[in-house]
Amino acid sequence: MTDFSPLIADLHRFCGPGAVLTDDESRAFFSQDVYRIGLKPLAVVRPGSVLALTQVVAAAIAKGVAVFPRGGGISYTDAYLPTTESALVLDLRGLNRILTINAQDMYVTVEAGCTWAALDAALKPHGLRPPFWGPFSGSKATIGGSLSQGTATFGSARVGPSDVAVIGLKVVLADGSILTTGSGAQPHHAPFFRHYGPDLTGLFTSDSGALGIKAEVTLQLEKRPNCVQGLSYAFQDAQACYSAMAEAARSGLAGEVFAVDAELLRQSAGNADLRRDFATLLQVGRSGSGPFDGLLRMMRLALAGRNFAKGIPFTVHVVTEANDQSRLKGNVSELRRMIEPYGTEIANTVPTVVRANPFPPLAVMAPNGRRLLAIHAIVPFSVGTALHAVTEKIVGHYANVLHENKVAIGYSFATVGRTGLLYEPVFYWEDSRELFHTRESPADMLAAMATFPPNPSGRALVQRVRDEMVEVMFAHGAAHLQIGKAYPYLRERDPSALALLHTLKRHVDPRGLINPGALGLAMPGPQP
Ligand SMILES: Cc1cc2nc3c(=O)[nH]c(=O)nc-3n(C[C@H](O)[C@H](O)[C@H](O)COP(=O)(O)OP(=O)(O)OC[C@H]3O[C@@H](n4cnc5c(N)ncnc54)[C@H](O)[C@@H]3O)c2cc1C
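What follows is the structure in structure tokens.
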């Protein structure tokens with residue numbers, strides 16, 4: 232048995248008091264994600280500086296101990312779950328400083344553990360934001376975590392996934408050295424530009440943390456538009472829904488285009504909670520462009536209530552922005568003209584609430600207390616209908632057994648840039664909570680949720696149906712964000728591309744000890 236106590240003592244020395252956790256509960260908590268449980272690491276380490284991070288990584292790997300980088304920890308693809316017990320989980324939320332806001336040259340540099348919500352709050356007074364400005368989970372999701380796995384939502388219909396906003400990175404490699412990408416990689420050069428020679432920044436994004444630990448990130452900025460409006464539509468079938476979404480995406484007029492089916496809306500609506508509804512109304516009021524606009528929005532929302540979309544098979548929500556009201560009106564009428572042939576306009580409750588408070592406190596279960604797992608595929612618009620039909624066939628095949636095992640499946644869809652339809656089946660099932668779910672959900676939300684006994688057969692069924700859906704996604708030519716250890720990234724990939732990837736991995740991490748298993752890259756063999 233290896234004695235790791237000298238390493239643990241070194242970690243304490245590098246990171247200071249309270250930053251190294253070896254107790255059972257902490258090791259258990261940090262070995263879980265939204266969906267599953269990995270192996271317990273030796274310790275959880277929270278470096279508070281880039282120097283401490285480099286020291287931790289170099290010391291651990293020199294001793295043959297693997298490192299698993301974790302940001303907000305709210306992914307569901309085993310992405311940071313330890314695959315060996317000889318491991319450290321790196322809790323990167325201690326690196327959360329905003330280092331530079333350069334409003335003249337339009338970039339911001341942050342430490343990788345900063346959340347999207349914290350960045351948004353810091354940029355708001357400057358009237359700025361990155362072109363991609365966060366996922367729905369931005370109150371917990373870190374910028375480093377999002378860039379390591381690829382994230383979509385705010386701004387994605389217009390510009391694509393999170394990676395497009397990045398200019399440059401500082402990445403800690405296995406030997407503790409720091410690799411810089413982008414224009415900041417030369418002495419006295421500002422990190423203002425991404426493309427100067429081959430795009431090394433791109434190599435380290437969406438790598439699921441397999442190629443190094445992101446310590447600092449520079450993002451480009453844009454001016455925040457002054458005016459925003461949401462539009463919502465009802466559709467009777469998936470085909471009409473995708474056609475309308477494609478039209479809105481192609482126009483380039485929408486920041487976000489997303490859709491949900493009736494089941495997902497039902498699962499996410501939760502139990503009526505008057506206090507929360509009132510708080511939401513107030514936020515909507517405050518988000519108006521003036522007192523009367525705010526009041527009007529609140530009245531519309533109150534009239535529409537929680538039942539605005541009851542029984543509608545699919546609803547699509549589109550958000551458009553402009554710098555002044557007349558341009559906004561132009562966008563809105565253009566989008567209406569495009570979408571109206573496919574569906575019927577309904578109250579815009581969903582986009583209004585979403586934009587009033589884009590980063591609300593987040594629970595990692597459905598509001599009704601059910602466990603949840605989202606999976607997704609990104610496909611061309613032309614493939615959406617066929618993929619949905621085959622996926623529904625799988626669901627139909629298992630319909631009775633899903634019902635018996637208390638598993639429900641809803642869908643959400645979104646557009647990612649002009650070319651991608653993000654297709655997302657979401658599983659909801661009755662099951663017991665793990666430590667992760669209790670600690671990661673706000674206490675008031677937990678108190679309002681039902682609890683359920685362990686449901687091992689339901690859990691196994693979710694995994695089985697999930698696996699079948701992922702196969703079908705592969706057969707339909709899907710790409711994936713958030714690969715983690717869950718999607719078949721390496722399968723049948725072009726051999727030259729694979730060889731380059733393996734060579735790169737060996738170069739930055741010769742012993743294969745940075746997030747082993749991520750991207751499907753081989754686990755290391757026995758250590759010398
Ligand atoms: C309720 C809910 C809503 C969500 N909404 C969205 C959404 O709108 N859009 C969306 O795309 N996703 C969404 N997600 C999924 C998830 O929250 C996001 O993908 C988010 O970006 C994860 O960020 P994180 O900081 O929690 O990353 P983590 O889960 O901590 O890590 C993700 C991956 O990044 C790696 N990593 C983390 N930090 C670093 C680093 N500094 N350097 C190197 N590697 C690192 C990890 O090893 C892991 O592979 C949602 C999840 C939940 C539970």
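Counting from 232, one number per residue, gives the positions in the sequence shown under this note's numbering.
Think of the CB as a built atom: it goes at the ideal place given N, C-alpha and C, for glycine as much as any other residue.
All of these numbers come straight from a predicted model, not from anything done at the bench.
- Comparing alpha-carbon positions, the option among 685, 722, 740 and 348 lying closest to residue 751 turns out to be 722.
- In the three-state reduction of the DSSP assignment, residue 300 falls in the strand class.
- Looking at the DSSP output, residue 605 shares a beta bridge with 657.
- Residue pairing of residue 636 in beta bridges, as defined by DSSP: absent, with no partner found.
- In the three-state reduction of the DSSP assignment, residue 738 falls in the helix class, which pools H, G and I.
- At a Cβ-Cβ threshold of 7 Å, residue 688 and residue 631 do not count as neighbours.
- With fewer than 16 neighbouring CB atoms inside 10 Å of its own CB, residue 248 falls in the exposed class.
- Distance check between residue 581 and each of 571, 542, 489 and 663 places 489 closest, using alpha-carbon atoms only.
- Using a cutoff of 6 Å, the CB of residue 588 does not count as near ligand 1, since none of the ligand's heavy atoms is closer than that.
- Not one heavy atom of ligand 1 lies closer than 6 Å to the C-beta of residue 328.
- Residue 689: member of the alpha helix (DSSP H) spanning 687 to 706, first to last residue.
- Proximity of the beta carbon of residue 593 to ligand 1 is indicated: a heavy atom of the ligand is located closer than 6 Å.
- Inclusion of residue 383 in the 6 Å shell around ligand 1 follows from its C-beta lying nearer than that to a non-hydrogen atom of the ligand.
- Contact check for residue 306 and residue 265: beta-carbon distance about 7 Å, within the 8 Å limit, so the pair qualifies.
- Contact between residue 421 and residue 428 does not hold, since their C-beta atoms are separated by about 16 Å, which reaches or exceeds 8 Å.
- Distances from the alpha-carbon of residue 257 to those of 287, 321, 473 and 645 put 321 closest.
- For residue 467, no beta strand (DSSP E) segment is defined, and its DSSP state is neither H nor E.
- Relative to residue 477, the option among 646, 302 and 725 whose CA is nearest is 646.
- Under the three-state reduction of DSSP output, residue 579 falls in the coil class, being neither helix nor strand.
- The nearest non-hydrogen atom of ligand 1 is less than 6 Å from the C-beta of residue 305.
- Residue 301 has its Cβ nearer than 6 Å to a heavy atom of ligand 1.
- Excluding its 5 nearest sequence neighbours in each direction, residue 294 has C-beta neighbours in its own chain below 7 Å: 238, listed in chain order.
- With contacts defined by Cβ atoms closer than 7 Å, residue 658 and residue 348 do not form a contacting pair.
- Going by DSSP, residue 401 is part of the beta strand (DSSP E) stretching over 397 to 403.
- For residue 562, no beta strand (DSSP E) encloses it; the enclosing alpha helix (DSSP H) starts and ends at 556 to 570.
- In terms of Cβ geometry, residue 579 and residue 393 do not form a close pair [threshold 7 Å].
- In this structure, the CA atom of residue 466 is about 25 Å from the CA atom of residue 391.
- Set against 6 Å, the gap from the CB of residue 599 to the closest heavy atom of ligand 1 is not smaller.
- Setting aside the 5 residues that flank it on each side, residue 586 is surrounded in the same chain by 459, 461, 518 and 550, each with a C-beta closer than 8 Å to its C-beta; the list follows chain order.
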